[in-house]
Structures are given as C-alpha cells and as structure tokens.
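What follows is a single structure, written as structure tokens, with notes after it.
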C-alpha cells in the first residue's frame, strides 16, 4: 500500500455517531475516535507505535487533572511503563464509556493543552502548537458574515456540490501554512502503519486523505456537517451540481483543483459552477447517512443523475480506474 492510500487503522471509525457507547470493542463515535487517534499520534513522537514511560506519566497526570476525580477512579489505568497503541485504545475506550462523547473530547483537548504547556519534549510541543491552534474562521465566513452561529443546512447530499471558487478558497487556506521549504507548518502524515507515517507534508503531498485529517474533519466537527455546508453563503438551501467528478482520494489536491478550474474555463463556465465531489458533499461525521448498501440509492448515483456530465480526473499514476467506485461512476454516466 502506497502513501496515497491509508491503512484501516489510521482512519476514523465510520459507525453512526453515538452520544455514549462502545460497539464491537470500539468507540462508537467518529469525533471521539478522531481525538483519541490524534492524541496518541501527537504523543508518539518517535512514530514507533508506543508512547514512552515519561510521556505516558505526564499524560496520565494531565488526564487526571482534566477529568472529574470520581470518573478517573472508575477507569482502570495501565502500569507505569510506556503504553502502546492497543493499550491506549483500551484505556481511552473505558474513559469514553465513563464520560460520554462530549466530555471525552473535552478531556482529550484539555490533556493536549496541558502536554503542550508542561512537556519537556520539544517535538511534542512543536506538533501540538499548530494543531491545537488551527483557526477555521476564514472558512466560516459564508455564515458568519450573515450573523449566523451555525452553517446552512443542505438537506440532500446530492445538492451539496462545491464551486471552483470555493475550492480555490480552500487551496488558499491550506497553502497559507507553507514555509520556505514548501512544507506545511505543523502538518504530518497520519497514515499509521505506512512508511510515510509521521513525515512532513508538502504542497505536492496534500491529497484528500491528508486534507480530511487536517481540515475537512476538524473544521466541520463542532457543527457535524459537510464541508460544503460549512462554506456556502447563509441562505443557500441547495447547490446542485452542473458536473459530477469521479476521482480517487490520492491525487494531489492542487492538481485536482487546477484540473476542475481548467475544465470550467474550457466549458465557458464561471468559477461559481458547482461540481459534485464526494469528500466535500458527504458529512464525514455521519457517513452512514450518505452511503447506501445499494449503489443505485447512493448520493453518488443521485448526483450523477442531476449533472450534465461526469468529469473523470486522471491522476499521473493512473490509479483512478483501479478503484471500483470510479469504474461504477463512469459506467453509470455512460449507461444510466
């Protein structure tokens, strides 16, 4: 598996979001799982799959301070040595059962802030600084500028297309993190178990896997909405697609945006022409609502039916047509 793909262990759970529950031995909450995994990866500075004894001791101190004492006492805690991924997952799963989703996420965030303040490990402080301070207010201007506290809800997923203008605004937001060496400050690859895990991310490395980890998911988390709903102007109840986009998540986002921009120019469209792109249209926190066991009933298929045509984005490695969903999308577009 290449670094464009992501191992199952590095991706968040896609079970429906639950207020408080464990299913199949896993935390049954996408948001809580995201925080659990991100916290572990931030503390695992050696990218070894384990947190050393000193950092674990400091983490326990920070977590105990963040949790109510009666809740802390109800959790079984690992010993005084280091802690590896499976032990971390079991430990935090117990915390989730005791606290529930909202309080668990709050404890994780408070713990990371305490670690940034008190850890003697420069690598941890360096990683925690940009991640904890990510400011997504620039992406919220569509509803904030109208005095609204929450994004506009677009009921049907197939009506959540994204415009070229909105994609360029996203690109501008991401590239603002770039340093003189072309790397994104504070960003690193979260593909746990792959050779690229922990490596710095450059402009050419930004694909939808990394973009979902660092922007789409955290920016929409507190609203539990899709990215399109986050950025559309307040009062926009639908943004129907003109074109459907078939692609895979591993191509560079900057190439993807350049391709759609050129496509819109060649078709005589403005930058406000909407393209349906799954990562931005689907609610990443409630994927069970947007996906279906019957492909004919999926948001993908419905969006194809609303579009004048399908843009098939071919990446340099020609991976697109090795993906079953991409093959299905193109087949459906040709023979609806």
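In the working numbering, the protein residues as written are 985 to 1320.
The beta carbon of each residue, even a glycine, is placed where N, CA and C say it ideally should be.
Using the C-alpha atoms, what's the distance from residue j back to residue i?
i, j, result
"residue 1245", "residue 1268", "25 Å"
"residue 1031", "residue 1172", "11 Å"
"residue 1205", "residue 1019", "11 Å"
"residue 1054", "residue 1207", "30 Å"
"residue 1051", "residue 1091", "6 Å"
"residue 1283", "residue 1142", "5 Å"
"residue 1130", "residue 1214", "13 Å"
"residue 1174", "residue 1236", "16 Å"
"residue 1257", "residue 1078", "47 Å"
"residue 1106", "residue 1047", "20 Å"
"residue 1036", "residue 1181", "18 Å"
"residue 1316", "residue 1128", "39 Å"
"residue 1233", "residue 1192", "5 Å"
"residue 1228", "residue 1260", "5 Å"
"residue 1241", "residue 1190", "12 Å"
"residue 1140", "residue 1060", "44 Å"
"residue 1004", "residue 1017", "Note on residue 1004: pLDDT 41, under 50, position unreliable in the model; the coordinate value appears next. Whole-angstrom Cα-Cα distance: 12 Å."
"residue 1309", "residue 1169", "33 Å"
"residue 1313", "residue 1063", "51 Å"
"residue 1146", "residue 1201", "16 Å"
"residue 1165", "residue 1239", "19 Å"
"residue 1194", "residue 1081", "29 Å"
"residue 1156", "residue 1049", "39 Å"
Per the DSSP calculation, residue i is bridged to which residue(s)?
i, result
"residue 1251", "In the DSSP output, where bridge partners are listed per residue, residue 1251 has none listed."
"residue 1293", "1227"
"residue 1034", "1068"
Between the Cα of residue i and those of the options, spot the shortest distance and give me the residue it belongs to.
i, options, result
"residue 1262", "1091, 1183, 1295", "1295"
"residue 1068", "1028, 1077, 1182, 1250", "1028"
"residue 1285", "1301, 1311, 1299, 1066", "1311"
"residue 1292", "1307, 1301, 1105, 1251", "1251"
"residue 1288", "1271, 1304, 1318", "1318"
"residue 1290", "1225, 1265, 1298", "1225"
"residue 1116", "1126, 1099, 1123", "1099"
"residue 1102", "1017, 1038, 1188", "1038"
"residue 1058", "1133, 1075, 1066", "1075"
"residue 1167", "1222, 1186, 1124", "1186"
"residue 1112", "1014, 1298, 1023, 1300", "1023"
"residue 1230", "1223, 1122, 1243", "1243"
"residue 1056", "1064, 1210, 1045, 1202", "1045"
"residue 1033", "1264, 1221, 1071", "1071"
"residue 1014", "1135, 1196, 1220", "1196"
"residue 1119", "1199, 1253, 1148", "1199"
"residue 1188", "1179, 1159, 1216", "1159"
Along the chain, where does the alpha helix (DSSP H) that runs through residue i open and close?
i, result
"residue 1260", "Careful: residue 1260 lies outside any alpha helix (DSSP H), inside the beta strand (DSSP E) at 1258-1260."
"residue 1125", "1125-1128"
"residue 1303", "Neither: residue 1303 is in no alpha helix (DSSP H) and is coded neither H nor E."
"residue 1025", "1014-1027"
"residue 1214", "1211-1215"
"residue 1089", "1085-1102"
"residue 1233", "From DSSP, residue 1233 is part of no alpha helix (DSSP H); its letter is neither H nor E."
"residue 1057", "1053-1057"
When every heavy atom of the ligand ATP is checked, does at least one fall within less than 6 Å of the C-beta of residue i?
i, result
"residue 1184", "The ligand content of the structure shown is nil, which means the ligand ATP is not present either."
Can you check the region 1137-1206 for any alpha helix (DSSP H) of at least 4 residues that lies completely inside it and give the ranges in chain order?
Positions of the alpha helix (DSSP H) runs, each at least 4 residues long and wholly inside the region 1137-1206, are given as 1148-1159, 1192-1195, 1201-1205 in order along the chain.
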